[in-house]
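Student: The structure follows.
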């Protein structure tokens with residue numbers, strides 16, 4: 004009979020939250036079924052209303068209704084597990100024990116919610132076979148685990164057909180939903196417990212005994228712990244490099260301020276100096292202003308380029324620091340090891356230790372020329388009558404007492 008052969012197994016009647024047979028089963032809009040109490044408590048404990056299995060998020064909390072058909076099946080299933088003779092009578096129990104089927108009386112009518120006898124027999128047989136098969140797999144798994152721990156034998160020592168059966172699915176303590184997230188070896192369907200340093204990839208035990216036998220192999224979790232320590236060291240180095248570059252930025256900005264102040268001071272001094280010489284020093288004054296302005300703009304442009312380059316390196320370092328911080332929080336060593344190779348190798352960066360912004364405005368040559376003009380001016384003053392010379396000398400005294408004039412005398 005086609006319907007009985009495709010009937011639900013015990014696993015299909017289990018709630019994925021409480022891992023027990025459905026109690027007042029309800030279905031979410033995405034099609035998954037849970038106990039009404041379980042899904043209610045789950046939604047009360049999370050921020051967003053979503054399906055625990057497929058993680059589909061709902062804009063508002065769905066209005067759930069009990070799936071009456073599924074509830075009747077689960078109730079019959081519970082009655083069959085708790086009191087196998089309650090639904091089929093003593094004759095049905097004897098027939099089930101002897102391998103027969105429950106015969107429905109001719110013309111008999113079923114009570115509401117009661118399943119036909121042949122369906123109950125089919126459910127009993129499937130439940131018995133499922134439990135026996137599960138116990139057999141558990142026994143084989145324990146035996147094989149002991150053999151794996153005590154010997155270094157290869158896959159030839161596995162029980163026939165066992166590796167194929169147990170590698171199809173892995174269960175975790177948190178349920179079947181989390182079990183589907185466990186990464187398995189695509190070739191042997193076993194946990195990726197080892198790490199091959201030669202090929203830089205996670206492998207299973209069988210891979211380590213076959214194609215990676217001659218490679219440098221270690222425990223993946225221990226390797227990830229070692230990489231975590233390296234991540235911490237690298238992160239500290241990045242923070243120190245970031246700190247040094249931020250200090251260099253402040254130093255360059257301060258140098259730029261000093262250059263601007265020095266430039267303004269040079270302009271003021273030149274105005275005082277060339278104002279006394281008027282026409283004879285007018286050309287030199289214009290030249291000094293032009294050179295000072297060009298050098299100031301050049302210094303500003305150079306400072307902007309240096310600051311921009313430093314800020315780009317700071318941004319890159321912060322990005323790597325953020326990536327390393329996120330990578331350090333992950334517990335999945337496979338993702339961690341893969342991501343570490345992407346962020347562990349730093350890009351080539353400039354060494355800023357000996358880099359600074361020069362404060363030389365290039366006015367030395369012009370001041371030398373000015374000194375020569377002053378000497379010529381003094382020679383011309385010698386030709387002037389003494390009274391006029393004294394008056395000029397008195398008028399020029401503030402200029403001569405200026406610190407910049409002393410600096411010019413040093414150039415002469």
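Numbering (this note's numbering), first residue to last: 4 to 415.
A virtual CB, placed ideally from N, CA and C, is assigned to each residue, including glycine.
#1: Thinking just about the alpha-carbon of each residue, which of 358, 208, 292 is nearest to the one in residue 368?
#2: Express the C-alpha separation of residue 339 and residue 360 in angstroms, rounding to a whole number.
#3: With distances taken between CB atoms, is the gap from residue 320 to residue 245 smaller than 9 Å?
#4: Mind the definition here: the region 212-222 touches the region 341-359 only if three or more C-beta pairs lie below 8 Å; say whether that holds.
#5: Hey, out of 289, 227, 247, whose CA is closest to residue 337's CA?
#6: Within the same chain, show all residues whose beta-carbon is closer than 6 Å to that of residue 490, passing over the 5 residues directly before and after it, in chain order.
#7: At which residue ranges does the region 215-270 contain complete alpha helix (DSSP H) runs of 4 or more residues, listed in the order of the chain?
#8: Considering residue 347, what are the terminal residues of the alpha helix (DSSP H) in which it resides?
#9: List the endpoints of the continuous alpha helix (DSSP H) containing residue 334.
#10: Write down the C-beta distance between residue 231 and residue 331 rounded to the nearest angstrom, noting that I regard them as a contact closer than 8 Å.
#11: Check this for me: beta carbons of residue 16 and residue 80, under 9 Å apart or not?
#12: In angstroms with no decimal places, state the Cα-to-Cα distance between residue 255 and residue 334.
#13: Could you have a look at residue 37 and say whether DSSP puts it in helix, strand or coil?
#14: What do you reckon, are the CB atoms on residue 220 and residue 234 nearer than 9 Å?
#15: According to DSSP, is residue 18 part of a helix, a strand, or is it coil?
#16: First and last residue of the beta strand (DSSP E) that includes residue 204?
#17: Give the DSSP-derived three-state secondary structure of residue 180 in the structure shown.
#18: Give me the Cβ distance between residue 63 and residue 27, rounded to the nearest whole Å; I'm assuming they're in contact under 8 Å.
#19: Check the C-beta distance from residue 303 over to residue 259 and give it rounded, since I have them as a contact under 8 Å.
#20: Would you call residue 248 buried or exposed, if buried means 16 or more other Cβ atoms sit within 10 Å of its Cβ?
#21: According to the Cβ coordinates, are residue 241 and residue 311 closer than 9 Å?
#22: Looking only at its own chain, which residues have a Cβ that is under 6 Å from the Cβ of residue 364, when we skip the five neighbours before and after it?
#23: Can you tell me where the beta strand (DSSP E) with residue 197 in it begins and where it stops?
#24: Keeping to the same chain, check which residues put their C-beta closer than 7 Å to that of residue 65; ignore five residues upstream and five downstream.
#25: Assuming residue 18 contacts residue 41 under a Cβ cut-off of 8 Å, what Cβ separation, rounded to an integer in Å, is found between them?
#26: I'd like to check one pair, residue 210 with residue 191: are the Cβ atoms closer than 9 Å?
#27: Looking only at C-alpha atoms, which of 285, 76, 346, 362 sits nearest to residue 264?
#28: Quick one: what's got a C-beta closer than 7 Å to residue 44's C-beta in the same chain, skipping five residues either side?
#29: Using CA coordinates, which residue listed in 251, 253, 195 is at the minimum distance from residue 225?
#30: For residue 1, count neighbouring Cβ atoms within 10 angstroms of its own Cβ and tell me buried if that reaches 16, exposed if not.
#31: Helix, strand or coil for residue 194? Go by DSSP, reduced to three states.
#32: Is the separation between the beta-carbon of residue 313 and that of residue 381 shorter than 9 Å?
#33: Just checking: is the beta-carbon of residue 232 within a distance shorter than 9 Å of some beta-carbon in chain C?
#34: Taking all protein chains shown into account, do 16 or more other C-beta atoms lie within 10 angstroms of the C-beta of residue 208, making it buried, or fewer, making it exposed?
#35: Give me, in chain order, the residues of the same chain whose beta-carbon lies closer than 6 Å to that of residue 198; leave out the 5 immediate sequence neighbours on both sides.
#36: Under a Cβ-count criterion, where at least 16 other Cβ atoms within 10 Å of its own Cβ denotes burial, should residue 95 be classed as buried or exposed?
Tutor: Taking the structure as given:
#1: Translated into the one-based positions of the chain shown, residue 368 becomes position 365. Comparing Cα-Cα distances from residue 368 to each of 358, 208, 292, the minimum goes to 292.
#2: Counting from one through the chain shown, the residue named residue 360 turns up at place 357. Counting from one through the chain shown, the residue named residue 339 turns up at place 336. Looking at the two C-alpha atoms, the distance is approximately 42 Å.
#3: As a working note, residue 320 is residue 317 in the chain shown. As a working note, residue 245 is residue 242 in the chain shown. Yes. Within cutoff.
#4: no
#5: In the chain shown, the residue the question calls residue 337 occupies position 334. That would be 227, whose Cα lies nearest to the Cα of residue 337.
#6: In the structure as shown, the chain starts at 4 and stops at 415, and residue 490 therefore has no counterpart that could be examined.
#7: none
#8: On the chain shown, position 344 is the one that residue 347 refers to. No alpha helix (DSSP H) holds residue 347; DSSP gives it neither H nor E.
#9: Numbered from 1 along the chain shown, position 331 holds the residue referred to as residue 334. Looking at the DSSP string, residue 334 is not in any alpha helix (DSSP H), and its letter there is neither H nor E.
#10: Numbered from its first residue, the chain shown carries residue 231 at position 228. Numbered from its first residue, the chain shown carries residue 331 at position 328. That belief holds up - the Cβ atoms of residue 231 and residue 331 are roughly 6 Å apart, short of 8 Å.
#11: For this step, residue 16 is matched to residue 13 along the chain shown. For this step, residue 80 is matched to residue 77 along the chain shown. Yes; because the gap between Cβ atoms is below 9 Å, this pair is in contact.
#12: By 1-based counting over the chain shown, the position of residue 255 is 252. By 1-based counting over the chain shown, the position of residue 334 is 331. In a straight line, the C-alpha of residue 255 is about 42 Å away from that of residue 334.
#13: Translated into positions along the chain shown, residue 37 becomes position 34. It is a strand residue.
#14: Here residue 220 corresponds to residue number 217 of the chain shown, with the count starting at 1. Here residue 234 corresponds to residue number 231 of the chain shown, with the count starting at 1. For residue 220 and residue 234, no; Cβs fall outside 9 Å.
#15: Walking along the chain shown from the start, residue 18 turns up at place 15. Residue 18: coil per DSSP, three-state reduction.
#16: What you label residue 204 is simply residue 201 of the chain shown in a count that begins at 1. 204-206 is the span of the beta strand (DSSP E), which, as asked, contains residue 204.
#17: Locating residue 180 in the chain shown gives position 177, counting from the first residue. Low local confidence applies: a pLDDT of 44 at residue 180 is under 50, so the model's placement there is unreliable, with the coordinate-based value given in what follows. In the structure shown, residue 180 sits in a helix (DSSP, three-state: H, G or I).
#18: If you number the chain shown from 1, residue 63 lands on position 60. If you number the chain shown from 1, residue 27 lands on position 24. Not a contact, Cβ separation roughly 22 Å.
#19: Here residue 303 corresponds to residue number 300 of the chain shown, with the count starting at 1. Here residue 259 corresponds to residue number 256 of the chain shown, with the count starting at 1. Right, their Cβ atoms sit about 7 Å apart.
#20: In the chain shown, the residue the question calls residue 248 occupies position 245. Buried, by the Cβ-count rule.
#21: Against the chain shown, residue 241 aligns to sequence position 238. Against the chain shown, residue 311 aligns to sequence position 308. Taking 9 Å as the Cβ cut-off, residue 241 and residue 311 do not qualify as a contacting pair.
#22: The sequence position of residue 364 within the chain shown is 361, counting from 1. These residues qualify, in order along the chain: 295, 298.
#23: Along the chain shown, read from residue 1 onward, the residue named residue 197 stands at position 194. Unbroken beta strand (DSSP E) run through residue 197: 197-199.
#24: Counted from its first residue, the chain shown places residue 65 at position 62. Contacts found: 31, 32.
#25: Reading the chain shown from its first residue, position 15 is the one you call residue 18. Reading the chain shown from its first residue, position 38 is the one you call residue 41. Yes, they are in contact, since the Cβ atoms of residue 18 and residue 41 sit about 6 Å apart, within 8 Å.
#26: Taking the first residue of the chain shown as position 1, residue 191 is located at position 188. Taking the first residue of the chain shown as position 1, residue 210 is located at position 207. Taking 9 Å as the Cβ cut-off, residue 191 and residue 210 qualify as a contacting pair.
#27: Along the chain shown, read from residue 1 onward, the residue named residue 264 stands at position 261. Taking only the C-alpha atoms, the option nearest residue 264 is 362.
#28: As a first step, residue 44 is located in the chain shown; it is residue number 41 there, counting from the start. There are no such residues.
#29: In the chain shown, residue 225 corresponds to position 222, counting from 1. The candidate whose alpha carbon is nearest that of residue 225 is 195.
#30: Nothing about residue 1 can be reported from this structure: the residues present for the chain run from 4 to 415 only.
#31: Locating residue 194 in the chain shown gives position 191, where the first residue counts as 1. Here residue 194 sits in strand by DSSP.
#32: Position 310 of the chain shown, counted from the start, is the residue given in the question as residue 313. Position 378 of the chain shown, counted from the start, is the residue given in the question as residue 381. No.
#33: The structure shown has no chain C; it contains just one protein chain.
#34: The sequence position of residue 208 within the chain shown is 205, counting from 1. With 16 or more Cβ atoms within 10 Å of its Cβ, residue 208 is classed as buried.
#35: Mapped onto the chain shown, residue 198 falls at position 195. Once the five neighbours on either side are set aside, the close Cβ partners of residue 198 are 205, 221, 223, 226.
#36: Counting from one through the chain shown, the residue named residue 95 turns up at place 92. Only weak support exists for where residue 95 lies, its pLDDT of 42 falling under 50; the value from the coordinates is given anyway. So residue 95 ends up on the buried side.
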